[in-house]
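Numbering (the UniProt record's numbering), first residue to last: 1 to 157.
Virtual Cβ for every residue (Gly too), placed ideally from N, Cα, C.
Here the structure is a predicted model, which is why all the values come from computation and not from measurement.
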Ligand SMILES: [Fe+2]
Ligand SMILES: [Fe+2]
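Next comes the structure, spelled out in structure tokens:
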């Protein structure tokens, strides 16, 4: 699978979970907690394959976009810490929904920038075959992703 197609599919998956969270009832605590666990798993896998494979490759092949990559890593950093805070949080805590809302806002902004401003330049620089090969590696690497968001490289930088 093409690396960029794979990443966009992941983005769609998390967007679906975000909508589910937003539509869950105020007091649907168990459901909201389960959705947040799913979001965490998806985002850990996604951030992992981006940080381990896609970002370094894109930066090497499209050096003009280095600033974008650096900014993206900072955004992953913030998201990783929010996810780790949510892990230990009671969904009945008055700050739970607020924290998830900020997480969602951050990720939506991040996805928009990746898809609109950056991916087209990376596609141009890497070309079809290279993206295909990267996509295959990334698909396999998902199983190596950490379940602890703070184990992501971006969280430790
Ligand atoms: Fe990203
Ligand atoms: Fe992404």
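Task: Start-to-end residues for the alpha helix (DSSP H) that takes in residue 32 - done: 29-49
Task: heavy atom of ligand 1 below 8 Å from residue 15 C-beta - done: Because no heavy atom of ligand 1 lies under 8 Å away, the Cβ of residue 15 does not count as near it: no.
Task: Any heavy atom of ligand 2 within less than 7 Å of residue CB: hits in chain order - done: 7, 10, 11, 46, 50, 110, 111, 114
Open item on the list: Here's the rule: buried if 16 or more other CB atoms are within 10 angstroms of the residue's CB, otherwise exposed. What is residue 60?
Closed with: exposed
Task: residue 75: CB within 8 Å of a non-hydrogen atom of ligand 1 - done: yes
Open item on the list: For residue 56, report the span of its alpha helix (DSSP H) as first-last.
Closed with: 55-61
Open item on the list: Just to confirm before moving on: does the CB-CB distance between residue 57 and residue 7 stay below 9 Å?
Closed with: no
Task: CA-to-CA distance, residue 48 to residue 153, given in whole angstroms - done: 8 Å
TODO: Compare the beta carbon distance of residue 21 and residue 32 with 9 Å and say whether it is the shorter of the two.
DONE: yes
Open item on the list: Taking the alpha carbon of residue 78 as the reference point, which residue from 125, 109, 95, 65 has its own alpha carbon closest?
Closed with: 109
Task: Where residue 23 falls: helix, strand or coil (DSSP) - done: Helix, per DSSP.
Task: Proximity winner among 54, 136, 83, relative to residue 39 (alpha-carbon distances) - done: 83
TODO: With residue 72 as the anchor, note down where its alpha helix (DSSP H) starts and where it stops.
DONE: 66-87
Open item on the list: Tell me whether residue 72, by its Cβ, gets closer than 8 Å to a heavy atom of ligand 1.
Closed with: Yes.
TODO: List in chain order: all unbroken alpha helix (DSSP H) runs of 4+ residues lying wholly within the segment 90-152.
DONE: 96-112, 119-141
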